[in-house]
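Undergrad: Quick one: structure below, then a few questions.
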Amino acid sequence: MERRRFFKMGFLGLGVTVFNPKKISELISHEENSSAIVPRVVSTWNHGIAANAAAWEVLMIGGKAIDAVEKGVMVTEVDLTNRSVGIGGRPDASGHVTLDACIMDDRSRCGSVAYLEGIKHPISVARAVMETTQHVMLVGKGAYEFACGQGFEKSKTPLKEVKDDWKKWVKEEKEKAKRPEINHENHDTIGMIAIDAQGNLSGSCTTSGWAYKMPGRVGDSPIIGAGLFVDNEVGAACATGLGEAIIRIAGSHTVVEAMRYGASPQEACEMAVKRIIEKHDDLTGLQCGFIAMNKKGEVGAYSVYNGFNYALKDNEREEMVDAGFDRSW
Ligand code: ASP
Numbered sequence: 102m103e104r105r106r107f108f109k110m111g112f113l114g115l116g117v118t119v120f121n122p123k124k125i126s127e128l129i130s131h132e133e134n135s136s137a138i139v140p141r142v143v144s145t146w147n148h149g150i151a152a153n154a155a156a157w158e159v160l161m162i163g164g165k166a167i168d169a170v171e172k173g174v175m176v177t178e179v180d181l182t183n184r185s186v187g188i189g190g191r192p193d194a195s196g197h198v199t200l201d202a203c204i205m206d207d208r209s210r211c212g213s214v215a216y217l218e219g220i221k222h223p224i225s226v227a228r229a230v231m232e233t234t235q236h237v238m239l240v241g242k243g244a245y246e247f248a249c250g251q252g253f254e255k256s257k258t259p260l261k262e263v264k265d266d267w268k269k270w271v272k273e274e275k276e277k278a279k280r281p282e283i284n285h286e287n288h289d290t291i292g293m294i295a296i297d298a299q300g301n302l303s304g305s306c307t308t309s310g311w312a313y314k315m316p317g318r319v320g321d322s323p324i325i326g327a328g329l330f331v332d333n334e335v336g337a338a339c340a341t342g343l344g345e346a347i348i349r350i351a352g353s354h355t356v357v358e359a360m361r362y363g364a365s366p367q368e369a370c371e372m373a374v375k376r377i378i379e380k381h382d383d384l385t386g387l388q389c390g391f392i393a394m395n396k397k398g399e400v401g402a403y404s405v406y407n408g409f410n411y412a413l414k415d416n417e418r419e420e421m422v423d424a425g426f427d428r429s430w
């Protein structure tokens, strides 16, 4: 234990300690072998409650975390009232709803799609990339053709309401005669992490991305290591918020690495958020948040600004939890 604390201080605070990650992770998993494993699922924002309920149906009967995190976020992807995930999501500046998603399992296998249009379940396409190709990531037309070839259900986008909102936005932008601004009110990716009864971790992440983004823009959400990262030996993390800032610090990977060296999920999320803050001179509108879970099923969350929350479900609880934060709006 003393040794673990020493390594933890080296990683989090002093930053100069030379160490062997493998030895440390062996040490940590040895300590954790004694703790009971419970299935648990967490996901970002209020839409996480419905998504967790679907994931829980898999977990409660002893199903695998990878199936739970796919089934869970599929609920959000087809919720047509949701303007930040799936086919009901807000479009880019040219009126196209382009979807990003990724998934990662307990064997470090991963799949991802980006800039995908007109497909109902990007997360399932990401899983098919993981399971049926030699690749990790497919984008745009190639991703669409792959999805069609695999028989995934199509869907016409944008919805009428979304198109009407977009037209209004275009008019307002023209009137203001300025470059479109990213709008932090209009984002809310779903990222989900689950641990199953076997103690295996998996994660998923799916979004329509930043509302009215520049055409061609891809955020953090489909980028393994940024929007999502899972290392079944250590833990998992996922992100929401301004994707560009999350990519700059390889956010979710950073959180998992902090846990590898002994940080709790909460400490790890705080460390990543503080790094984002340090790397940006101007934090105006720059909201980012992380949730994380370790091999014990312990959970942490933190964001730059207040307002970020996540949904948690296990045998005893089904609740929304407010994340800690560094700044107030
Ligand atoms: N991270 C997403 C993106 O940058 C936005 C979000 O979390 O809502 O596309």
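Using my numbering, the letters of the sequence shown map in sequence onto residues 102 to 430.
Virtual Cβ for every residue (Gly too), placed ideally from N, Cα, C.
Is the beta carbon of V143 sitting closer than 7 angstroms to the one on L329?
TA: Position 42 of the sequence shown, counted from the start, is the residue given in the question as residue 143. Position 228 of the sequence shown, counted from the start, is the residue given in the question as residue 329. Against a cut-off of 7 angstroms, the Cβ pair of L329 and V143 comes out as no contact.
Undergrad: So what does DSSP say about I188, is it helix, strand or coil?
TA: Taking the sequence shown and counting its residues from 1, one reaches residue 188 at position 87. Three-state DSSP puts I188 in a helix.
Undergrad: DSSP three-state call for V405: helix, strand or coil?
TA: Reading the sequence shown from its first residue, position 304 is the one you call residue 405. Correct three-state label for V405: strand.
Undergrad: Quick one: give me the first and last residue of the alpha helix (DSSP H) that I167 is part of.
TA: Taking the first residue of the sequence shown as position 1, residue 167 is located at position 66. Element bounds for I167: 166 to 178.
Undergrad: Enumerate, from N- to C-terminal direction, the unbroken beta strand (DSSP E) stretches of 3 or more residues contained entirely within the region 135 to 159.
TA: 141 to 145
Undergrad: Nearest to P259 by CA position, among I324, E246, S225, S195, is which residue?
TA: Against the sequence shown, residue 259 aligns to sequence position 158. Of the candidates I324, E246, S225, S195, the one whose C-alpha sits nearest the C-alpha of P259 is S195.
Undergrad: Going by alpha carbons, who is nearest to S209 out of I392, D321, V139, I167?
TA: Position 108 of the sequence shown, counted from the start, is the residue given in the question as residue 209. Comparing Cα positions, the closest option is I167.
Undergrad: If I'm right that G401 touches S365 with Cβ under 8 angstroms, what's the distance once you round it to whole angstroms?
TA: Taking the first residue of the sequence shown as 1, we reach residue 401 at position 300. Taking the first residue of the sequence shown as 1, we reach residue 365 at position 264. Confirmed, about 6 angstroms.
Undergrad: What do you reckon, are the CB atoms on G317 and R141 nearer than 7 angstroms?
TA: Along the sequence shown, read from residue 1 onward, the residue named residue 317 stands at position 216. Along the sequence shown, read from residue 1 onward, the residue named residue 141 stands at position 40. No.
Undergrad: So, using beta-carbon positions, are A337 and A156 closer together than 7 angstroms?
TA: The residue labelled residue 337 in the question sits at position 236 within the sequence shown. The residue labelled residue 156 in the question sits at position 55 within the sequence shown. No, the Cβ-Cβ distance between A337 and A156 is not below 7 angstroms.
Undergrad: Can you find a heavy atom of the ligand ASP that lies under 6 angstroms from the Cβ of W146?
TA: What you label residue 146 is simply residue 45 of the sequence shown in a count that begins at 1. No; taking the cut-off as 6 angstroms, the Cβ of W146 has no heavy atom of the ligand ASP nearer than that.
Undergrad: Quick one: give me the first and last residue of the beta strand (DSSP E) that S213 is part of.
TA: The residue given as residue 213 occupies position 112 in the sequence shown. That run of the beta strand (DSSP E) goes 211 to 217.
Undergrad: Nearer than 6 angstroms: is that true of the beta carbon of G164 relative to any heavy atom of the ligand ASP?
TA: Taking the sequence shown and counting its residues from 1, one reaches residue 164 at position 63. Incorrect: G164 has no Cβ contact closer than 6 angstroms to the ligand ASP.
Undergrad: Tell me whether D289, by its Cβ, gets closer than 6 angstroms to a heavy atom of the ligand ASP.
TA: Within the sequence shown, residue 289 is the residue found at index 188, counting from 1. Yes, the beta carbon of D289 sits closer than 6 angstroms to at least one heavy atom of the ligand ASP.
Undergrad: Hey, G252 and M231: beta-carbon distance below 7 angstroms or not?
TA: Taking the sequence shown and counting its residues from 1, one reaches residue 252 at position 151. Taking the sequence shown and counting its residues from 1, one reaches residue 231 at position 130. It is not a contact, given that the beta carbons lie outside the stated cut-off.
Undergrad: Based on Cα-Cα distance, which residue from Y216, R228, A244 lies nearest to V186?
TA: Taking the sequence shown and counting its residues from 1, the one referred to as residue 186 is at position 85. Minimum Cα distance to V186 is reached at Y216.
Undergrad: Measure how close the beta-carbons of I291 and V174 come, nearest whole angstrom, since I'm counting them as under 8 angstroms.
TA: In the sequence shown, counting from the first residue as 1, residue 291 sits at position 190. In the sequence shown, counting from the first residue as 1, residue 174 sits at position 73. Rounded, the Cβ-Cβ distance is 5 angstroms, consistent with contact.
Undergrad: For N395, does the count of other Cβ atoms within 10 angstroms reach 16, so buried, or fall short, so exposed?
TA: In the sequence shown, residue 395 corresponds to position 294, counting from 1. Its Cβ being crowded by 16 or more others within 10 Å, N395 is buried.
Undergrad: Is the Cβ-Cβ distance between C306 and L343 less than 7 angstroms?
TA: Residue numbering aside, residue 306 sits at position 205 when the sequence shown is read from its first letter. Residue numbering aside, residue 343 sits at position 242 when the sequence shown is read from its first letter. Taking 7 angstroms as the Cβ cut-off, C306 and L343 do not qualify as a contacting pair.
Undergrad: Per DSSP, what kind of secondary structure is A459 in: helix, strand or coil?
TA: The chain is shown only over 102 to 430; residue 459 falls outside these bounds and no answer can be derived.
Undergrad: Return the chain-ordered list of same chain residues with a C-beta closer than 8 angstroms to the C-beta of A229, the five sequence neighbours on each side being excluded.
TA: Here residue 229 is taken as the residue at index 128 of the sequence shown, counted from 1. So the list reads G212, F247, A248, Q251, F253, once near-sequence residues are dropped.
Undergrad: How close, in whole Å, do the beta carbons of A169 and I204 come, if the pair is a contact with beta carbons under 8 angstroms?
TA: Here residue 169 refers to the residue found at position 68 of the sequence shown. Here residue 204 refers to the residue found at position 103 of the sequence shown. Not quite, the Cβ-Cβ distance comes to about 11 angstroms (not below 8 angstroms), so this is no contact.
Undergrad: Please check the pair G326 and A346, which I expect to be a contact at CB under 8 angstroms, by giving their CB distance rounded to whole angstroms.
TA: In the sequence shown, residue 326 corresponds to position 225, counting from 1. In the sequence shown, residue 346 corresponds to position 245, counting from 1. G326 to A346, Cβ: 14 angstroms. No contact.
Undergrad: Can you tell me the Cα-Cα spacing of G163 and V335, whole angstroms?
TA: As a first step, residue 163 must be located in the sequence shown, where it is residue number 62. As a first step, residue 335 must be located in the sequence shown, where it is residue number 234. Put simply, the backbone Cα of G163 is about 21 angstroms away from that of V335.
Undergrad: Between the Cα of A159 and the Cα atoms of E420, M238, Q299, E218, which residue gives the shortest distance?
TA: Locating residue 159 in the sequence shown gives position 58, where the first residue counts as 1. Per the sequence shown, the amino acid found at residue 159 is Val instead of Ala. Closest by C-alpha distance to V159, out of E420, M238, Q299, E218, is Q299.
Undergrad: What is the DSSP secondary structure of E420, counted as helix, strand or coil?
TA: Locating residue 420 in the sequence shown gives position 319, where the first residue counts as 1. It is a strand residue.
Undergrad: Under three-state DSSP, which class holds G398?
TA: Sequence index remark: in the sequence shown, residue 398 carries index 297 (1-based). Note: G398 maps to coil in three-state DSSP.
Undergrad: Any chance the CB of D180 is under 6 angstroms from a heavy atom of the ligand ASP?
TA: Locating residue 180 in the sequence shown gives position 79, where the first residue counts as 1. False, no ligand heavy atom lies under 6 angstroms from that Cβ.
Undergrad: Kindly examine the ligand ASP and report whether one of its heavy atoms sits closer than 6 angstroms to the Cβ of S322.
TA: Here residue 322 refers to the residue found at position 221 when the sequence shown is read from its first residue. Yes.
Undergrad: By Cβ distance below 6 angstroms, which residues in the same chain neighbour W146 in space, the five residues on each side in sequence not counted?
TA: On the sequence shown, position 45 is the one that residue 146 refers to. So the list reads D289, once near-sequence residues are dropped.
Undergrad: For my contact list, N332 and V357 are in at a C-beta cut-off of 8 angstroms; report their separation, rounded to the angstrom.
TA: Mapped onto the sequence shown, residue 332 falls at position 231. Mapped onto the sequence shown, residue 357 falls at position 256. The question names Asn, but residue 332 is Asp in the sequence shown. The Cβ separation is near 5 angstroms, so the contact holds.
Undergrad: Should T177 go down as buried or exposed, given a rule of 16 or more other Cβ atoms within 10 Å for buried?
TA: What you label residue 177 is simply residue 76 of the sequence shown in a count that begins at 1. Buried, since its Cβ has 16 or more Cβ neighbours within 10 Å.
Undergrad: Give the straight-line distance between the Cα atoms of H222 and K264, rounded to the nearest whole angstrom.
TA: Within the sequence shown, numbered from 1, the residue matching residue 222 stands at position 121. Within the sequence shown, numbered from 1, the residue matching residue 264 stands at position 163. So the alpha carbons of these two residues sit roughly 20 angstroms apart.
Undergrad: Can G310 be considered in contact with the ligand ASP, in the sense that its beta carbon sits closer than 6 angstroms to one or more heavy atoms?
TA: As a first step, residue 310 must be located in the sequence shown, where it is residue number 209. Answer for G310: yes, Cβ within range of the ligand ASP.
Undergrad: Considering only their Cβ atoms, is the gap separating D201 from S322 smaller than 7 angstroms?
TA: Mapped onto the sequence shown, residue 322 falls at position 221. Mapped onto the sequence shown, residue 201 falls at position 100. Against a cut-off of 7 angstroms, the Cβ pair of D201 and S322 comes out as a contact.
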